[in-house]
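Here is the structure we will look at, set down as structure tokens.
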Amino acid sequence: MFHRKPIEERIAERQAKLPPLKEGKHFEHGPAKFLFIAMLSAVALMHFVGLAVVMHFYS
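For what it's worth, this note's numbering labels the leading residue of the sequence shown as 1371, then goes sequentially.
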């Protein structure tokens, strides 16, 4: 469309320019990493708060 390359070709060219990834040292999608850490932290915090509430009312 409008004399542009297809999206697949543009993505392939952009990925070809990237340096090779180091084994175990990358998380390919930055926002996914942020969401994963945020959700993990939120779940841990909710468990601690829930435990504190239960210990307060049942002790």
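Glycine residues also receive a C-beta, built at the ideal position from the N, C-alpha and C atoms.
Everything numeric in this text was worked out from a predicted model, so none of it was measured.
Asked: Do you know offhand how far Leu1421's Cα is from Ala1414's?; Found: 11 Å
Asked: So, with DSSP's three-state summary, where would you put Gly1394?; Found: coil
Asked: Whose CA, out of Gly1394, Glu1379, Leu1410, lies closest to the CA of Lys1387?; Found: Glu1379
Asked: Determine whether the Cβ of Phe1418 lies closer than 8 Å to any Cβ atom of chain B.; Found: Among the chains of the structure shown, chain B does not appear; only one protein chain is present.
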